[in-house]
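Taken in order, these protein sequences are the chains called A and B. Residue numbering for the first sequence follows the working numbering, starting at 9 and increasing by one per position. Residue numbering for the second sequence follows the working numbering, starting at 20 and increasing by one per position. Beta carbons: idealized from backbone N, C-alpha and C, even for Gly. A quick note: this is a predicted structure, and the numbers were derived from the prediction, not measured.
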Amino acid sequence: MSLSREDLAAIVARDIREGSYVNLGIGIPTLVANYLPPGDAIILHTENGMLGMGPSPAEGQEDPDLMNAGKLPVTARPGASYFHHADSFAMMRGGHLDVCVLGAFQVSERGDLANWHSGAPGAIPAVGGAMDLAIGAKQVFVMMDLQDRDGRPKLVADCSYPLTGVACVDRVYTDRAVFDITLDGLVVRETFDTTHDELRELLALDLIGIL
Amino acid sequence: MRTKLSTGATEALAGIPDGATIMIGGFGRAGQPVELIDALIEQGATDLTIINNNAGNGETGLAALLAARRVSKIVCSFPRQSDSQVFNGLYAAGLIELELVPQGNLAERIRAAGAGIGGFFTPTGFGTQLAEGKETRKIDGRNYVLEYPLRSDFALISALHADPWGNLVYRETARNFGPIMAAAATTTIAQVDSVVELGALDPEFVVTPGIYVDRVVAVGERSWLRHGIFIGEQA
Chain A
9 MSLSREDLAA IVARDIREGS YVNLGIGIPT LVANYLPPGD AIILHTENGM LGMGPSPAEG
69 QEDPDLMNAG KLPVTARPGA SYFHHADSFA MMRGGHLDVC VLGAFQVSER GDLANWHSGA
129 PGAIPAVGGA MDLAIGAKQV FVMMDLQDRD GRPKLVADCS YPLTGVACVD RVYTDRAVFD
189 ITLDGLVVRE TFDTTHDELR ELLALDLIGI L
Chain B
20 MRTKLSTGAT EALAGIPDGA TIMIGGFGRA GQPVELIDAL IEQGATDLTI INNNAGNGET
80 GLAALLAARR VSKIVCSFPR QSDSQVFNGL YAAGLIELEL VPQGNLAERI RAAGAGIGGF
140 FTPTGFGTQL AEGKETRKID GRNYVLEYPL RSDFALISAL HADPWGNLVY RETARNFGPI
200 MAAAATTTIA QVDSVVELGA LDPEFVVTPG IYVDRVVAVG ERSWLRHGIF IGEQA
């Protein structure tokens, strides 16, 4: 028994403190927006140039000049601001955002992140803002399944996919457990119908008990 | 009276030679100067190096310039998308060179060029394939990669309004690369929905001061805004 992505998104949202400025990466992390508290407790950043991003517009109300980093139509909340790309990435690189939530192919036990390139021969590389997001917030959270489709763990000793960032991930939310990456090692913060022994057997990594 | 207004896109693009390096604004379709790109295709300059966040979407705008085989190299952060079939085909056939740059480094390199900065150390990309062979430095315990400014002969950008001095305001997230590209190019050409009278733009709200803008052309409401342009894809 493991958590659904929706349930996991709710748990990530639970852990984001009110008052935070947050960037939700493309894909699964966008689900987190559905579970954030209502009102203006959390301000969303989209790296193409807006703070105060609101939900998708009603059908027929889409504005092609107003989109998110996934190039999907969004809305601007009261209090929103627009800025150019260099400002937007300075905001991230400069450590002004509180939390960034990203998907991943793999995360290493030291917090290395691989999420931009499959490394497959002939694949067209495309990085976008992935490497900026990886280092672009006070806390970088990853949301991913603990295992890939073939059952191989995605939390690993060393990433085999090309790296997006080095030692940049602070916490990993998976369908089986939540891990903190600390200077002392990998800390199991929370489990979902999974024992520590099962995690040790699956990951073959040194795990430190519940924080 | 001082004026930067051109009578049309053709006049605005005069003098762009073969082999030029051209920045083109926009993030996907938001802020893409489609009317200027159409005029550039008609103008005929070829062997171009294009700097843009993407490598064209669908079959129009930048994708059409690529399809016309006018581009020998593209510098961008995110070429591969669900609707980047024109670029994908050229790349697979070895007909276009790609320089891939992380998005924030792309923006900062452009900003640095416009600001007269000779280079900068950034944490983005350190320890990755995209920093291989580049100079690195540890500063206050953090690792950084040296990146150089990115400048161009021309910039083609899109804004909402301009006045005759070339002061610009933008609309929503279509601002994206416009202000930094305007400063980084030797000659900046801005298309706008409409030109307003001198004094009509509140100086408190001018985003790009006219000193960065050389030529302005009004294109009217962008008709392509109204039909099916939303195809979601990362960055």
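Here's the rule I'm using: 16 or more other beta-carbon atoms within 10 Å means buried, otherwise exposed. How should residue i be labelled?
i: M151 of chain A; result: buried
i: A42 of chain A; result: Checking the displayed sequence, the identity of residue 42 of chain A turns out to be Asn instead of Ala. Exposed is the call here.
i: G57 of chain A; result: buried
i: G197 of chain B; result: buried
i: L219 of chain A; result: Residue placement at L219 of chain A is poorly supported in this model, since its pLDDT is 47, which falls under 50; the coordinates still yield a value, given next. Classification of L219 of chain A: exposed, given that the 10 Å Cβ count is below 16.
i: T203 of chain A; result: exposed
i: L114 of chain B; result: exposed
i: K146 of chain A; result: exposed
i: P86 of chain A; result: exposed
i: K162 of chain A; result: buried
i: T147 of chain B; result: buried
i: N31 of chain A; result: buried
i: Y163 of chain B; result: buried
i: A112 of chain B; result: exposed
i: Q100 of chain B; result: buried
i: D182 of chain B; result: buried
i: D192 of chain A; result: exposed
i: F224 of chain B; result: exposed
i: S96 of chain A; result: buried
i: G33 of chain A; result: buried
i: E252 of chain B; result: Note that E252 of chain B has pLDDT 42, beneath the 50 cutoff, so the model's placement of it is unreliable and the number below is only indicative. Classification for E252 of chain B: buried.
i: G47 of chain A; result: exposed
i: P37 of chain A; result: buried
i: Q69 of chain A; result: exposed
i: I230 of chain B; result: exposed
i: P72 of chain A; result: buried
i: G135 of chain B; result: exposed
i: Y167 of chain B; result: exposed
Can you tell me which residues form a DSSP beta bridge with residue i?
i: Q147 of chain A; result: A:V107
i: C6 of chain B; result: Given that chain B is displayed from residue 20 to residue 254, the structure contains no residue 6 of chain B and the question cannot be resolved.
i: S10 of chain A; result: Answer is none; S10 of chain A lacks a bridge partner.
i: F46 of chain B; result: B:A49
i: H180 of chain B; result: B:V188, B:S213
i: R234 of chain B; result: B:I208
i: L175 of chain B; result: B:I43, B:I208
i: S64 of chain A; result: Note: S64 of chain A sits in no beta bridge, so no partner.
i: L165 of chain B; result: B:F140
i: N31 of chain A; result: A:H53, A:C108
i: L215 of chain A; result: A:L194
i: P81 of chain A; result: A:M75
i: M58 of chain A; result: A:T54, A:Y90
How close, in whole Å, do the beta carbons of residue i and residue j come, if the pair is a contact with beta carbons under 8 Å?
i: C167 of chain A; j: A122 of chain A; result: 4 Å
i: I70 of chain B; j: L175 of chain B; result: About 10 Å; that fails the 8 Å criterion.
i: V40 of chain A; j: V109 of chain A; result: 6 Å
i: L217 of chain B; j: V188 of chain B; result: In fact, because the Cβ distance is near 14 Å, the residues do not count as touching under 8 Å.
i: A201 of chain B; j: G50 of chain B; result: So it is not a contact: roughly 12 Å between Cβ atoms.
i: L5 of chain A; j: A84 of chain A; result: Since the first and last residues shown for chain A are 9 and 219, residue 5 of chain A lies out of range.
i: P52 of chain B; j: G63 of chain B; result: Their Cβ separation, rounded to whole angstroms, is 18 Å, which puts P52 of chain B and G63 of chain B out of contact at 8 Å.
i: A212 of chain A; j: T199 of chain A; result: Actually they do not touch by this definition, with Cβ atoms about 17 Å apart.
i: L117 of chain B; j: P142 of chain B; result: Their Cβ separation, rounded to whole angstroms, is 24 Å, which puts L117 of chain B and P142 of chain B out of contact at 8 Å.
i: I199 of chain B; j: A94 of chain A; result: 5 Å
i: S64 of chain A; j: I50 of chain A; result: Actually they are not in contact, since the Cβ atoms of S64 of chain A and I50 of chain A sit about 17 Å apart, beyond 8 Å.
i: L125 of chain B; j: V90 of chain B; result: So it is not a contact: roughly 17 Å between Cβ atoms.
i: V82 of chain A; j: M61 of chain A; result: 5 Å
i: M139 of chain A; j: G173 of chain A; result: 6 Å
i: K153 of chain B; j: L165 of chain B; result: 6 Å
Residue i CB to nearest chain D CB: under 8 Å?
i: S171 of chain B; result: The question asks about chain D, but that chain is absent: this structure's protein chains are A and B.
Exercise. Residues in the segment 34-55 of chain B with C-beta within 7 Å of chain A's C-beta atoms, listed in sequence order?
Worked result: F46, G47, R48, A49
Exercise. Can you list, in chain order, the residues of the segment 135-146 of chain B whose Cβ is nearer than 8 Å to any Cβ on chain A?
Worked result: T141, P142, T143, G144, F145, G146
Problem set entry | Contact residues within the segment 90-105 of chain A, judged by C-beta distance below 8 Å to chain B | Y90, F91, H92, H93, A94, S96, F97, A98, M100, R101
Problem set entry | Positions along the segment 192-215 of chain B whose CB lies within less than 8 Å of some CB in chain A | For the segment 192-215 of chain B, which is checked against every Cβ of chain A, the residues closer than 8 Å are T192, A193, R194, N195, F196, G197, P198, I199.
Exercise. What alpha helix (DSSP H) runs, 4 residues minimum, are completely inside the segment 105-160 of chain B?
Worked result: 122-134
Exercise. When Cβ atoms are compared, which residues of the segment 115-132 of chain A fall closer than 7 Å to chain B?
Worked result: Residues passing the 7 Å Cβ filter: I132.
Exercise. What runs of the alpha helix (DSSP H), each 4 residues or longer, lie entirely inside the segment 60-87 of chain B?
Worked result: DSSP runs (the alpha helix (DSSP H)) wholly in the segment 60-87 of chain B: 81-86.
For this session: Let me know the alpha helix (DSSP H) ranges lying completely inside the segment 119-195 of chain A, each 4 residues or longer, listed in chain order.
Result: 138-142
Exercise. Any residues in the segment 160-178 of chain A with a beta carbon nearer than 8 Å to a beta carbon of chain B? Which ones, in chain order?
Worked result: Within the segment 160-178 of chain A, the residues whose Cβ lies closer than 8 Å to some Cβ of chain B are P170, L171, T172, G173, V174, listed in chain order.
Problem set entry | Chain-ordered residues of the segment 67-79 of chain A with a beta carbon less than 9 Å from chain B | E70, D71, P72, D73, L74, M75, N76, A77, G78, K79
Exercise. Just by C-beta distance, which residues in the segment 104-128 of chain B are closer than 9 Å to chain A?
Worked result: Those would be F106, N107, Y110, A111, L117, L119, V120, P121, Q122, G123, N124, L125, A126, E127, in chain order.
Problem set entry | Contact set between the segment 131-147 of chain A and chain B, restricted to residues whose Cβ is under 9 Å from the partner | A131, I132, P133, A134, V135, G136, G137, A138, M139, D140, L141, A142, I143, G144
Problem set entry | Contact list for the segment 42-60 of chain A against chain B, Cβ threshold 8 Å | T54, E55, N56, G57, M58
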